[in-house]
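Engineer: In our numbering, the protein residues as written are 559 to 779.
Even glycine gets a Cβ: it sits at the ideal position worked out from N, Cα and C.
1. How long is the line joining the alpha carbons of residue 779 and residue 568, rounded to whole angstroms?
2. Do you know how far the Cα of residue 642 is from the Cα of residue 781?
3. If contact is defined by three or more beta carbon pairs under 8 Å, each pair taking one atom from either stretch, is the segment 739 to 759 in contact with the segment 634 to 651?
4. Pop quiz: residue 693 and residue 664 are said to be a contact at Cβ under 8 Å. What is the actual Cβ separation, rounded to whole angstroms?
5. Going by beta carbon distance, what residues of the same chain come within less than 8 Å of residue 616, once the five residues before and after it are set aside?
6. On the DSSP bridge list, what partners appear for residue 561?
7. Buried or exposed: residue 718, going by 16 or more other Cβ atoms within 10 Å of its Cβ?
8. For residue 571, which residues from the same chain have a beta carbon less than 7 Å from its beta carbon, with the 5 sequence-adjacent residues on both sides left out?
9. In its own chain, which residues sit with a C-beta less than 7 Å from the C-beta of residue 599, not counting the 5 before and 5 after it?
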């Protein structure tokens, strides 16, 4: 059951995170990254699901530093790029599952609100997610770290400016999302089924379908 903490009037758009909010791609990502590491390096690194849970949501450059601290910057970037190539190739043929109720809830929400995605992922990842899960027709716009090379708060601001949004709300699962939203000046709903915790969200959902009743309640509180 959702919990409301703050009022959020005049919501004119909904921005979603991906990992830990729309789907869980850790199994597919681990497969792609481990294959790339084996083929393009001699490192004794094995990525697993608990590790990815800690890494997801961080900017791409930070993930590369954590995974491959022994490599110099250029080699690290090249290996990380291969990881992302293998990840996307695998995801295209083995799509990650959406969390329960995401597809039908996205479709229903799109009838009332424009929907957006902002993530710290690489270029192509958002497209892979929305196309492979067939929710692309409901998403108005999206942007990622791979596009902007900027912190998530700046990418959120870009989406707001590009789409003339005055008071959107963000749906995310980790404190990094909340920190970005605070800087961008928008509220966040915590997807508590995801990968982390959030301090002082506007509201908390336990499953994605709760957004259908929660957001109108926030809108008219």
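Structural biologist: By the coordinates alone:
1. As a position in the chain shown, residue 779 is number 221, starting the count at 1. As a position in the chain shown, residue 568 is number 10, starting the count at 1. Confidence is the limiting factor: at residue 779 the pLDDT is only 47, short of 50, which leaves the residue's position unreliable, though a coordinate-based value still follows. So the two alpha carbons sit approximately 10 Å from each other.
2. It is not possible to answer for residue 781, since the shown part of the chain is limited to 559 through 779.
3. no
4. Taking the first residue of the chain shown as position 1, residue 693 is located at position 135. Taking the first residue of the chain shown as position 1, residue 664 is located at position 106. Confirmed, Cβ separation roughly 5 Å.
5. Taking the first residue of the chain shown as 1, we reach residue 616 at position 58. Here the set comprises 624, 678, 734.
6. Here residue 561 refers to the residue found at position 3 of the chain shown. Looking at the DSSP assignment, residue 561 forms a beta bridge with 762.
7. To locate residue 718, count along the chain shown from 1; it is residue 160. By the 10 Å Cβ count, residue 718 comes out buried.
8. Taking the first residue of the chain shown as 1, we reach residue 571 at position 13. 671, 672, 674, 721, 723, 726.
9. Here residue 599 refers to the residue found at position 41 of the chain shown. Excluding positions up to five away in sequence, the list reads 637.
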